[in-house]
Every structure is written in structure tokens, then in C-alpha cells.
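Counting from 1, one number per residue, gives the positions in the sequence shown under this note's numbering.
Cβ atoms here follow ideal geometry from the backbone N, Cα and C, with glycine treated the same way.
Since this is a predicted model, take the numbers as computed values, not measurements.
To start, the structure itself, in C-alpha cells.
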Amino acid sequence: QFKLTTKELALEIQRRRNAGETPLKGLIMSSPSNPTGAMLDPEELKQLCQLCDAEGIQFLSDEIYHGITYGKPEATALTYSSKALIINSFSKYYSMSGWRLGWMVIPDVLLEPINALQQNMFINAPTISQTAALKCWDDATIEELEKHVTKYKTSRSILLEELSKIESLQMAPADGGFYIYVDLGSNLSLPEYGSEKLCGMFLEKHHVAFTPGIDFEGDAGQRRLRISYAGGIETSRIAMERFHIFWPTWVECVAKDKAQE
1 QFKLTTKELA LEIQRRRNAG ETPLKGLIMS SPSNPTGAML DPEELKQLCQ LCDAEGIQFL
61 SDEIYHGITY GKPEATALTY SSKALIINSF SKYYSMSGWR LGWMVIPDVL LEPINALQQN
121 MFINAPTISQ TAALKCWDDA TIEELEKHVT KYKTSRSILL EELSKIESLQ MAPADGGFYI
181 YVDLGSNLSL PEYGSEKLCG MFLEKHHVAF TPGIDFEGDA GQRRLRISYA GGIETSRIAM
241 ERFHIFWPTW VECVAKDKAQ E
């Protein structure tokens with residue numbers, strides 16, 4: 001499922017308690033998530049907020065990909081907790097990546113500490129970015145942004161359909177955001193032929209960029225790669241056409257490497 005729920009969190013809390021380890025002080029949760037696209041449903045988020053509040057764990061809810069979802073209901077932690085810290089941005093749904101602008105909703109008790117931290121890191125967001133962001137809530141802007149989400153949905157469908165034709169691949173849920181996280185399954189031969197090698201070969205031979213999983217989960221990420229479909233519908237089609245051409249070459253390389261072991 002590629003997501004943390006109260007079940008996993010409660011087990012970790014109890015494990016630390018039994019082992020005499022330092023209790024958890026904070027939890028950062030992204031929903032929808034990058035790179036997996038996994039989401040917590042409203043009830044799962046509510047339970048997570050309640051458990052964090054009960055255990056004195058500061059919950060940081062990363063909601064940067066809110067608004068980019070494909071049928072699964074989304075919710076904000078602000079609905080369920082007055083203690084949660086909410087992080088959001090204009091970069092994703094509002095398509096203002098590069099403008100370096102976002103916001104937080106914070107409990108009163110954290111106002112002064114965060115204000116002091118901010119003053120030592122930056123003074124304020126650029127005035128031009130703030131002025132531009134004021135247009136984000138205009139009806140015409142929202143109408144255009146919803147068209148973006150519709151395009152993402154079409155591109156997502158193309159990738160999921162084409163990737164599913166390769167039976168040995170497994171995909172994370174991709175419920176939100178604009179990424180698909182792919183598990184290579186048995187189609188790798190470590191340490192040489194993992195996702196880093198695959199992404200490099202695919203880029204060099206077919207000029208399509210995927211992101212190796214090592215960027216997100218260290219060495220374990222050699223099993224997985226991330227594909228973005230934010231680049232457009234036609235780009236997604238072309239990428240998948242080229243991936244189907246490339247895939248037999250990859251499988252052959254992996255087979256040869258395994259035969260030499």
C-alpha cells in the first residue's frame with residue numbers, strides 16, 4: 001500500500017516503549033506521496049491525527065500535492081487536529097514551481113519558534129511571487145488548473161495501461177500527484193543492473209528520463225524507479241512507446257549478468 005497508518009505507527013510506538021528507546025517526537029506524512037502517489041483516506045488520516053495527539057507526537061502533514069487526485073477522497077489534517085502542522089505549496093496544483101512560495105498552518109504554540117527560525121533563514125517570500133499567487137484563487141485560474149489535472153489523469157491512464165502490459169512490473173497505487181513508482185521485480189541483477197543502470201541506459205539510448213529509486217530510499221531503491229507524467233499526454237505516449245522498445249534489451253542484459261554469476 002506504500003503508506004503509513006495507525007497500525008504501523010502503533011507498533012513502532014510500542015516497540016520503542018518495550019525497548020526503552022526514546023519515544024517518537026514527530027511524524028512527517030505526505031499524502032498524496034512523492035514518489036509513490038499513495039494517499040491516506042479521510043478516516044485513516046483522522047485516526048493518525050488522533051494517535052499522534054494522544055501520544056504527544058508532533059504531526060507534520062505534507063499536503064503539497066492536494067488537488068491532484070483521481071477519484072479517491074482527500075482530506076486535510078487540519079480537519080482532525082488543532083495540533084498538526086500543515087505544509088503546502090503553490091508549486092504543484094497551482095503550477096508555480098520555481099516561484100518558491102508556500103504556506104504553513106501551525107498551532108499557536110509553534111508560532112514564535114517558527115518565526116524565530118524563519119528570521120534566521122529568510123525575511124519573506126519575493127514580493128512578485130506573492131503578488132502572482134493572489135491570482136491562483138480566481139475562477140478563471142481554477143478552471144485552467146482543473147484542466148491540468150484532467151491532462152494528468154489522461155497521462156496517468158496511458159502509463160498505467162502500458163506498464164501493465166509488462167506482467168513482471170508492479171506499480172504503487174498512484175492515487176494522487178503525478179508520479180508512478182515502479183518495482184522491477186525480478187528484472188534486475190544487483191549490484192550492476194538496478195534502477196540506476198536502467199535509467200541511465202534508457203536516457204542514453206532513447207532520450208527519456210526516469211528517476212532511479214535510490215533518490216528516495218537509498219540502496220533499496222535499486223529495485224524501483226519513478227516516472228513523472230507531468231510533461232504532457234503526447235510525451236507520456238512517446239515515453240511508453242520507447243520503453244516498450246527498450247525493455248527487451250534490458251531483460252537480455254539482466255539475463256546475461258545473472259548467467260555469469
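TODO: Whole angstroms is fine: what's the gap from ASN88's alpha carbon to GLY221's?
DONE: Looking at the two C-alpha atoms, the distance is approximately 26 Å.
Open item on the list: I'd like to know whether the C-beta atoms of TYR264 and ARG156 end up nearer to each other than 8 Å.
Closed with: Missing from the structure shown is residue 264; the chain here goes from 1 to 261 and no further.
TODO: Using three-state DSSP, classify LEU169 as helix, strand or coil.
DONE: coil
- [ ] Specify whether the segment 245-254 and the segment 197-205 touch according to this definition: at least 3 beta carbon pairs, one from each stretch, less than 8 Å apart.
- [x] The segment 245-254 makes contact with the segment 197-205: 3 or more CB pairs, one atom from each, lie closer than 8 Å.
Open item on the list: Can you look up LEU184 in the DSSP assignment and give me helix, strand or coil?
Closed with: In the structure shown, LEU184 sits in coil (DSSP, three-state: anything other than H, G, I, E or B).
- [ ] Tell me, to the nearest whole angstrom, how far the beta carbon of ARG237 is from that of TYR181; I am working on the premise that it is less than 8 Å.
- [x] That belief does not hold up - the Cβ atoms of ARG237 and TYR181 are roughly 20 Å apart, past 8 Å.
- [ ] Measure from the alpha carbon of LEU60 to the alpha carbon of each residue in ALA10, LEU27, PRO73, SER91, then state which is nearest.
- [x] LEU27
- [ ] Would you list the residues sitting across from TRP103 in a DSSP beta bridge?
- [x] Looking at the DSSP output, TRP103 bridges to ASN88.
- [ ] Mind checking which residues open and close the alpha helix (DSSP H) that includes LEU27?
- [x] Where LEU27 is concerned, there is no enclosing alpha helix (DSSP H), although the beta strand (DSSP E) it sits in stretches over 26-30.
- [ ] Specify, as a first and last residue, the run of the beta strand (DSSP E) that ILE123 falls within.
- [x] Looking at the DSSP string, ILE123 is not in any beta strand (DSSP E), and its letter there is neither H nor E.
Task: Burial state of ASP219 (16 or more Cβ within 10 Å) - done: It counts as exposed.
Task: Beta-carbon contacts of PRO73 that lie in its chain and below 7 Å, excluding the five residues immediately before and after - done: Residues of the same chain with a CB within less than 7 Å of the CB of PRO73, apart from the 5 flanking positions on each side, are ASP41, PRO42 in chain order.
- [ ] Give the straight-line distance between the Cα atoms of GLU167 and ARG223, rounded to the nearest whole angstrom.
- [x] Our two residues, GLU167 and ARG223, have alpha carbons roughly 16 Å apart in a direct line.
Task: Segment contact flag, the segment 75-91 with the segment 50-59, C-beta cutoff 8 Å, min 3 pairs - done: yes
Open item on the list: Distance check for LEU111 and ASP175, CA to CA, integer angstroms please.
Closed with: 33 Å
TODO: Report the rounded CA-to-CA distance for GLN170 versus GLY37, giving the unit in angstroms.
DONE: 14 Å
Task: Backbone CA spacing between MET240 and PHE2 [nearest angstrom] - done: 24 Å
Open item on the list: For PRO212, list the residues DSSP reports as bridge partners.
Closed with: LEU225
Open item on the list: On the DSSP letters alone, give me the boundaries of the alpha helix (DSSP H) that LEU145 sits inside.
Closed with: 139-163
- [ ] With distances taken Cα to Cα, identify the nearest neighbour of GLY231 among CYS49, ALA209, GLU146.
- [x] ALA209
TODO: Taking all protein chains shown into account, decide if PRO114 is buried (16 or more other Cβ within 10 angstroms of its Cβ) or exposed.
DONE: One detail in the question is off: residue 114 reads as Ile in this sequence, not Pro. With fewer than 16 Cβ atoms within 10 Å of its Cβ, ILE114 is classed as exposed.
Task: Beta-ladder partner(s) of GLN58, from DSSP - done: GLY26
Task: Sub-8 Å separation of SER195 and PRO212 beta-carbons - done: yes
Task: Supposed close pair ASP138, TYR193 - CB separation, criterion 8 Å - done: That belief does not hold up - the Cβ atoms of ASP138 and TYR193 are roughly 50 Å apart, past 8 Å.
Task: Inter-residue Cα distance where the pair is LEU117 and GLY102 - done: 16 Å
Task: Local Cβ density within 10 Å of LYS135, reported as buried at 16 or more and exposed below that - done: Under this definition LYS135 is an exposed residue.
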